[in-house]
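For the sequence shown, the positions run -5 to 409 when the numbering used here is used. Don't be surprised by glycine CBs; every beta carbon is placed ideally from N, CA and C. Owing to the predicted nature of the structure, the values given are computational and were not obtained by experimental measurement. These notes are about the structure you will find just below.
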Amino acid sequence: MRKLLSGATPMVLGTLLTGLLVGCGDSKGGQAMMALMAEKDVTVTAETIKPQTFPIVLSQPGTTYAVRNVNIDSRVTGYVESVDFMDGQLVKTGDTLFQLDPRPFEAALLEARGNLEVAVAARNLAERTLERNRPLVESGAISREDFDQLVTDLEKSEGQVETAAGSLVNAELNLSYSTITAPFDGRVGQRQVELGALVQPSGFADTLVTLVQYDPMRILVSVDAHNLPKLLELQKKGIVTAKVRVNGTRGGGGKVFDGVIDFIDNQVDSSTSTAMVRVKFDNPDAWAYPGQFGEAQILVRNVPDAVVIPQRALRAEQGGGSFVWLIDSKNKITRQDVTVGESLEGKSWIQKGLRAGQRIVVDSGGELSSGDVVRIVTAAQLKAEQSGETTTASDDSSSSSSGTSSKNSSSSSMK
């Protein structure tokens, strides 16, 4: 009967009530029907409170930025022979980005090797000449002045060998610089030069391309000065962990990363009374981009065995404060005022008013009042019932109209 009444329209209920009261013919029947009408049967979802650890976090908005962001320039002058990446491509350390025409550098390397060989030969000759003349100066066959000149010639030749060796190293470097590679893992931007372009060392020409390291990533947030002592204390004890929530792009969903504080600024901005705190987080799939808005949730402490409930279960007082609906063993509800400590990701830590093992209403299919008896269903069932309320009411109204029409038709026939 209760289920029938809960889905009926006010018109149908009025008709049924009138018929029952007339049919009963006494006050007891009317009173029973009125009591049945007064009793609600609201469907709700419920949850039994279980003790759990609740994290106390310091949440601050911020902007992500790359650990390394560099301009790739050429170290030598040359013509671009090949571009070995696609704009926006992820690259690894050592991957070739540009190849300059190596032939001028190969020729310079050959020349440097030849010059070194000439210098070595000249030094060897000077060394042998000096050794041959050493006995002669001792015997007086040549003057000391002539011998000193031979010593000087050897020293000059040794210097020329070193000069030639340096030129060879420089030629080898220039040849290696003709292949421009990625200095670290990251994502390249849009190329600024094309095939055949003449490029020059940094300072003489524009950047060839930018390279941004995506893993790890950092987010920079401003923290109130009164929170700094606690963060510094935690940092002294070890690693300070944090959750980094990065907003999605173009209205898409965000993503949460695990991070750690790796820097706390050494001064407070007097105009805002805040200090900069930097959180580093791993970004292996390059999901987060530099410049995205996000939030750093810095873990301050954990509350063990906390009373934690879904935030949806909280009802707001008109004059401030919060309360929940408690459910007893007979599914009757009573109002319970609570003191909320912190809320995080749809959960609230209740400091006062509830204890583990109690049942509370989370969502309801209608208005609730103290003393109501509720029917507990799953979230899926509640959603299905709520989506079907309009259809049910419409069907009941149609059935009522059809029944009335049929009754009138029958009465006319009897007449």
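Spatial neighbours of Ala310 in its chain, beta-carbon cut-off 7 Å, leaving aside the 5 residues before and after: As a first step, residue 310 is located in the sequence shown; it is residue number 316 there, counting from the start. Correct list, in chain order: Ser316.
Residues near Gln194 by beta carbon distance below 7 Å, same chain, minus five either side: The sequence position of residue 194 within the sequence shown is 200, counting from 1. The residues are Ser68 and Thr71.
Leu226 versus Asn325 - alpha carbon distance: Taking the first residue of the sequence shown as 1, we reach residue 226 at position 232. Taking the first residue of the sequence shown as 1, we reach residue 325 at position 331. About 50 Å.
Three-way DSSP call (helix, strand, coil) for Phe412 in this model: Nothing in the structure corresponds to residue 412, since the chain is present only between -5 and 409.
For Asp142 and Ala176, the rounded distance between their alpha carbons: Residue numbering aside, residue 176 sits at position 182 when the sequence shown is read from its first letter. Residue numbering aside, residue 142 sits at position 148 when the sequence shown is read from its first letter. If I take the Cα positions, the gap works out to 54 Å.
Short Cβ contact (8 Å threshold) for Ile354 with Ala307: Mapped onto the sequence shown, residue 354 falls at position 360. Mapped onto the sequence shown, residue 307 falls at position 313. For Ile354 and Ala307, yes; Cβs fall inside 8 Å.
Residues sharing a beta bridge with Phe79, DSSP: For the purposes of this step, residue 79 is identified with residue 85 of the sequence shown, where counting begins at 1. None, per the DSSP bridge assignment.
Whole-angstrom distance between Gly242 and Phe79, CA atom to CA atom: Here residue 79 is taken as the residue at index 85 of the sequence shown, counted from 1. Here residue 242 is taken as the residue at index 248 of the sequence shown, counted from 1. If you take the alpha carbons of Phe79 and Gly242, they lie about 27 Å apart.
Residue span of the alpha helix (DSSP H) that contains Asp140, given as start and end: The count along the sequence shown starts at 1 and reaches residue 140 at position 146. It spans Arg138 to Tyr171 - the alpha helix (DSSP H) in which Asp140 sits, taken as one unbroken run.
Rounded distance between the beta-carbons of Thr201 and Ile66, thought under 8 Å: For the purposes of this step, residue 66 is identified with residue 72 of the sequence shown, where counting begins at 1. For the purposes of this step, residue 201 is identified with residue 207 of the sequence shown, where counting begins at 1. Ile66 to Thr201, Cβ: 7 Å. Contact.
Element boundaries [alpha helix (DSSP H), containing Arg353]: Here residue 353 refers to the residue found at position 359 when the sequence shown is read from its first residue. No alpha helix (DSSP H) contains Arg353, which is instead part of the beta strand (DSSP E) from Arg353 to Ser358.
C-alpha gap between Leu52 and Ile233, whole angstroms: Start at 1 with the first residue of the sequence shown, and residue 52 comes out as number 58. Start at 1 with the first residue of the sequence shown, and residue 233 comes out as number 239. Going from the Cα of Leu52 to the Cα of Ile233 covers about 15 Å.
Under the three-state DSSP convention, the category Asn325 falls into: Position 331 of the sequence shown, counted from the first residue, corresponds to residue 325. Note: Asn325 maps to coil in three-state DSSP.
Val193 in three-state terms, based on DSSP: Counting from 1 along the sequence shown, the entry for residue 193 is found at position 199. In the structure shown, Val193 sits in a strand (DSSP, three-state: E or B).
Stretch-stretch touch, CB-based, cutoff 8 Å, three pairs: the region 158 to 169 with the region 128 to 137: no
Spatial distance of Asn296 from Thr235 (CA atoms): Indexing the sequence shown from 1 puts residue 296 at position 302. Indexing the sequence shown from 1 puts residue 235 at position 241. The alpha-carbon atoms of Asn296 and Thr235 are separated by roughly 12 Å.
Which of helix, strand or coil DSSP assigns to Asn410: Absent from the model: residue 410. The displayed extent of the chain is -5 to 409, so no value can be given.
Cα-Cα separation between Thr385 and Gln184, rounded to whole angstroms: Sequence index remark: in the sequence shown, residue 385 carries index 391 (1-based). Sequence index remark: in the sequence shown, residue 184 carries index 190 (1-based). In this prediction, Thr385 scores a pLDDT of 42, lower than 50, which makes its location untrustworthy; no coordinate-derived value is stated.
Inside the region 191 to 279 only - beta strand (DSSP E) runs reaching at least 3 residues: 203 to 206, 211 to 218, 235 to 240, 249 to 258 and 268 to 275
Buried versus exposed call for Ser342 [16 or more other C-beta atoms within 10 Å across all chains shown]: What you label residue 342 is simply residue 348 of the sequence shown in a count that begins at 1. Label assigned to Ser342: buried.
Classification of Lys237 by the beta-carbon crowding that lies within 10 angstroms, buried from 16 upward: In the sequence shown, counting from the first residue as 1, residue 237 sits at position 243. So Lys237 ends up on the buried side.
Anticipated Cβ contact below 8 Å, Ser381 with Val36, distance rounded: What you label residue 381 is simply residue 387 of the sequence shown in a count that begins at 1. What you label residue 36 is simply residue 42 of the sequence shown in a count that begins at 1. The pair is not a contact, with the Cβ atoms about 16 Å apart (cut-off 8 Å).
Nearest to Val273 (by Cα), restricted to the options Val215, Glu100 and Lys86: As a position in the sequence shown, residue 273 is number 279, starting the count at 1. Cα-wise, what sits closest to Val273 is Val215.
Segment contact, 8 Å Cβ cut-off, at least three pairs: the region 284 to 304 with the region 40 to 52: yes
Cutoff 7 Å; reference Ala219; Cβ partners in own chain excluding five residues on either side: As a first step, residue 219 is located in the sequence shown; it is residue number 225 there, counting from the start. These residues qualify, in order along the chain: Val262, Ser267, Thr268 and Ala269.
Inter-residue Cα distance where the pair is Lys(-3) and Asp279: Counting from 1 along the sequence shown, the entry for residue -3 is found at position 3. Counting from 1 along the sequence shown, the entry for residue 279 is found at position 285. Here the model assigns Lys(-3) a pLDDT of 42, short of 50, so the residue's position is not dependable, and the following value carries that caveat. Those two C-alpha atoms are separated by around 53 Å.
Residue from Ser337, Gln352 and Arg181 with nearest C-alpha to Tyr283: Counting from 1 along the sequence shown, the entry for residue 283 is found at position 289. Checking every option, the nearest Cα to that of Tyr283 belongs to Arg181.
Span separating the alpha-carbon of Gly365 from that of Gln330: What you label residue 365 is simply residue 371 of the sequence shown in a count that begins at 1. What you label residue 330 is simply residue 336 of the sequence shown in a count that begins at 1. So the alpha carbons of these two residues sit roughly 12 Å apart.
Residue nearest to Leu320 in terms of C-alpha spacing, selected from Gly351, Pro45 and Gln286: Looking up residue 320 in the sequence shown gives position 326. Selected option, being the one with the closest Cα: Gly351.
Unbroken stretches of the beta strand (DSSP E), 3 residues or longer, contained in the region 305 to 350: 316 to 321, 327 to 338 and 341 to 346
Cβ shell of Leu84 (< 7 Å), same chain only, five flanking positions each side left out: The residue given as residue 84 occupies position 90 in the sequence shown. Arg181 and Ala280, listed in sequence order.
Euclidean distance between Cα positions of Lys231 and Leu103: Residue numbering aside, residue 231 sits at position 237 when the sequence shown is read from its first letter. Residue numbering aside, residue 103 sits at position 109 when the sequence shown is read from its first letter. Rounded to the nearest angstrom, the two C-alpha atoms are 56 Å apart.
Other residues of its chain near Met31: CB distance less than 6 Å, five sequence neighbours each side excluded: Translated into positions along the sequence shown, residue 31 becomes position 37. With a pLDDT of only 45 at Met31, under 50, the local geometry of the prediction cannot be trusted, and the value read off the model is given with reservation. There are no such residues.
Val61 to Ala191 span [Cα, whole Å]: Reading the sequence shown from its first residue, position 67 is the one you call residue 61. Reading the sequence shown from its first residue, position 197 is the one you call residue 191. Going from the Cα of Val61 to the Cα of Ala191 covers about 31 Å.
Spatial neighbours of Ser207 in its chain, beta-carbon cut-off 6 Å, leaving aside the 5 residues before and after: The sequence position of residue 207 within the sequence shown is 213, counting from 1. Before going on, a small fix: residue 207 reads as Gln here, not Ser. Excluding sequence neighbours, Gln207 sits near Ala60, Val61, Arg62, Phe178 and Gly180.
Contacts around Val120, its chain only, beta-carbon distance under 6 Å, and the 5 residues preceding and following it disregarded: Reading the sequence shown from its first residue, position 126 is the one you call residue 120. Looking at the sequence itself, residue 120 is Ala, so the reference to Val does not match. Cβ within range, chain order: Asp147, Leu148 and Ser151.
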